[in-house]
Amino acid sequence: MANNSNNSGSNIVVGAVGSLNASGGGNDLWHECVAWLTRCQIIPPDHVANSPTAEIRVLALTLRDGVLLCNLVLYLDPTCMDPSDFTRRPQMAQLPPGSQS
């Protein structure tokens, strides 16, 4: 990724990694990932992955949406790509039926 003076996204990554390391790992890492994506405003707080009954497969299916991943890349480094090269509206087709709000 390109280097820029606004490294708030990098700071969030470092903070998230530190938080994951401090948690001791385990099966809850995906919950930490969901929380981080929510803090980065990549997924909304009411996303099904934030539900207490959510399963890891919901996060996996969510991450199949390339638009969300592009939005995350732009959040971490706004200069790394031209946002006009893609539509920034998430494609929710990968979520299982009944998972969309």
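Using the numbering used here, you'd call the opening residue of the sequence shown number 487 and step up by one each time. The beta carbon of each residue, even a glycine, is placed where N, CA and C say it ideally should be.
The beta carbon of residue 523 sits closer than 6 Å to those of 529, all from its chain and outside the five residues before and after it, given in chain order. Annotation for residue 558: 523, 526, 528 place their beta carbon closer than 8 Å to its own, counting only its chain and skipping 5 residues before and after. For the stretch 530-560, the continuous alpha helix (DSSP H) assignments of 4+ residues that do not extend past its boundaries occur at 542-549, in sequence order. In the three-state scheme derived from DSSP, where H, G and I count as helix and E and B as strand, residue 566 is classed as coil.
Cβ-Cβ separation between residue 562 and residue 555: approximately 11 Å, too far for a contact (criterion under 8 Å).
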